[in-house]
Amino acid sequence: MTFEEPPGGVLMPPRPLSSPAKVVVGHILWELRRPGRSRNRAITIFLAAATLILFILGKRHVDDIQRTASHFGTYVPSTLSEAFAPYHVVDDGRWDDEISQSNDSTPSVKPKFHLLIPAQRQTVNLCKTLLSAAILNYPPPTLIEFELEHDSKRKDKHQGQSIQQILDFLNGKEAQDDDLLLVVEDDSWLQLPAEVTISRFFHGMRDSSDSLLKQYGRLDLGDDEIPMLLRPQKYTHKVLFGAQKECSNAPDDPACYSVPQSPLPSDIYGFETDKHSEGKYNRPRYMSSKMVMGQVTDMRPIYERAAQLLKDHPGVTNSQDIFSQIFGEQEYQRTIYQESQLPKSKWNSWLTSKLDQSTNMPAVKPKNMTTILGRNYEFGIGLDYYSSIFQVMNNSADDVRFIKFSTPSLIISPSKHAASTFKNLLHLPPDLNFSASPFALHTVSTEIPDPPFNEIDTLLPDPNNTSWNDVNLATNVIVPGSSVPATLNFHGDPSTMDLLDEWWPKIWFQEHGRALLRQYMRSPDGPIAAEAAADGGDRWWDLRGGKGGVWTGRGEWLEWREVCGKVDGLSGGQTVEDVLFGDGWGVYGKEKVGRKPVFDKFGKLVSGVLDGDGKEDG
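Each residue of the sequence shown is one higher than the last, beginning at 1437 in the working numbering.
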């Protein structure tokens, strides 16, 4: 029988199959309508409430797990095909989307990659940052606020002043709209090559924007003739900041109450998750302004807004407070928009918020948040919750271990929902499997290398037999599947700052730091610029004629020895080389090498001498 015939003889279409939840709810409502004793109704109501609670909890945890597997920055493949996704290929096509491809006589300006480091004076920690940048093939850094000769009587500039100087760089002649900019503090280390950082950034922004499309949808253009798929999405992520565990602003500030919940599993630290007073077991959800990455055209409005806030509030000198406020206001406006799209019924709103955890509505509503009509509060800011690029070390030291992936480690998680992931052996991120050997990031670019080869260069491991699997990598083992961040920032309390000394010997390049720096000096352009030159341009590389040094914000070039030859604050007669290298070879560039013969890969003598019989002079 095709149709059901209810009483009255009216033909009805076949009933659609009901979901189990609808069947349960329908049965409960039918029972409540039946006449009976109060006791039966009480039992029925109790069973209904218990069923609904169990359903909500089950749905929430399933959503948590699904969201964890798909959110920005995971990069841990769930299938074999994803494991071989081309993350090693920098997706610079999207970078060049807005560059004219016409064949007119006007030369196209290729985007470049800039590294900015706010630093006021010479310190050994700054030299650690510079060493890591050189070894890992980043462009020569630009030091913001830097003064070579530090006057002890001069007052230090407050953090907010770096905002204006970075804005000046963004508006200056060296920065074009499509250029990519990475800003790190002078208490940060770079751990992975520039190519990996760039690739992760663009893939991460794309994945994160896909999540925003699902959450907020597309713009309402007021024109029904434009198909929905052709309309731009409501929000996108374009600029990436670090994520930290504690809110640096006041509790009633939008920076604290408006930000979304972390997408990490809600019990990632066990029952103490998000309940620790010092933030140690909190999931990262608040902005850290110490590290930021984005294109110039996207970062410029953020720094313009920050500079205006500094001007409007002269008493505020902390850049962290400024940027956190901007992010908090952005998220508050997104929340207001999302609330306007929810069902009007309070019951439906509550039920929707419980069943759809992707809304991430803030738990606390604003008391004194005011908005100005016509002001833009949307800046496309996103946070690196999974520490794919930025690892904030403050309150997170216990989350990070140094792991050599050729010797797999078994990590047990306190999270019951992530237990199956953590109990698996950790594996190297796929993009590093496709990257060049850590000891082959630079090649000799001239027949007369400077500095010349000597026995120090023979101490480097064979790059043909050494991959990223074979070096110790700082790894966040709390993130499901683990994460090997490209950058580590140690700004924080004294115990976190102490890690700058304690962990320096553990970072993979420190043992061979001198030889790797010499390798970098011989190949100032690096493979990125070499590839670009083959294409007829200096694509995405900050090349202003520098070699092995830094630029100041005023456009002055300083050699390595000028910045890191001698610094204040060292004790016991230590030199910078003692701290950076600890190898006993002496001052960089004036190493106390002997007459030991050194040969290149073709067997040609490039340094040292042989005795009369063709043997080593010994």
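Using N, Cα and C, we set each Cβ at its ideal position, and we do this for glycine too.
V1695 and T1672 have their C-alpha atoms roughly 16 Å apart.
Per DSSP, the beta bridge partners of Y1722 are Q1680. Your pair P1690 and Y1768 checks out as a contact, with CB atoms roughly 5 Å apart and the cut at 8 Å. In this structure, G1678 sits away from S1644, with a CB-CB distance that is not shorter than 8 Å. Between the alpha carbons of I1772 and C1692 lies a gap of roughly 16 Å.
For I1892, there is no enclosing alpha helix (DSSP H), as DSSP marks it with neither H nor E. Per DSSP, reduced to three states, the secondary structure at A1910 is strand. In the structure shown, T1578 adopts extended strand secondary structure according to DSSP, grouped into three states.
The C-alpha of G2020 is placed about 46 Å away from the C-alpha of A1743. As the crow flies, the alpha-carbon of T1709 is around 5 Å from that of D1703. If you look at N1869, you'll find it in the alpha helix (DSSP H) that goes 1866-1869. By the C-beta criterion, the segment 1820-1831 is judged to be in contact with the segment 1711-1730, since at least 3 inter-stretch pairs fall below 8 Å.
In this chain, V1828 is not harboured by any alpha helix (DSSP H); it is covered by the beta strand (DSSP E) spanning 1826-1828. Pairing R1719 with L1617, the inter-Cα distance amounts to about 27 Å.
Annotation for R1837: the continuous beta strand (DSSP E) segment containing it runs 1836-1839. Per DSSP, the continuous beta strand (DSSP E) segment holding F1549 begins and ends at 1549-1554. The C-alpha of L1579 lies about 45 Å from the C-alpha of S1776. DSSP places T1733 inside the alpha helix (DSSP H), whose first and last residues are 1732-1748. In this structure, DSSP gives N1925 an extended state, which the three-state scheme calls strand. Secondary structure note for L1567: its alpha helix (DSSP H) is the uninterrupted segment 1560-1571. Taking C-alpha positions only, P1916 is separated from L1864 by approximately 13 Å. A straight line joining the alpha-carbon of R1958 with that of L1666 spans about 50 Å. Spanning the alpha carbons of P1554 and A1686 requires a straight line of approximately 26 Å. Cβ neighbours of L1745 within its own chain (closer than 6 Å, five residues either side excluded): I1758. Under the DSSP assignment, G1818 falls in the beta strand (DSSP E) whose first and last residues are 1817-1820. L1628 and I1808 have their C-alpha atoms roughly 42 Å apart. In this structure, L1606 places its C-beta atom within 8 Å of the C-beta atom of R1736. The beta carbon of I1602 is closer than 8 Å to those of L1552, P1554, I1580, V1619, Y1739 in its chain, skipping five residues each way along the sequence.
Taking 8 Å as the upper bound for CB-CB distance, N1831 and E1682 are in contact here, some 7 Å apart.
Contact between S1842 and N1901 fails: their C-beta atoms lie close to 11 Å from each other, not under 8 Å. A distance below 8 Å separates the beta carbons of T1923 and L1626. DSSP, read as helix, strand or coil, puts W1944 in coil.
Residue pairing for G1985: DSSP places it in a beta bridge opposite E1995. In the three-state reduction of the DSSP assignment, W2021 falls in the coil class, being assigned neither a helical nor a strand state.
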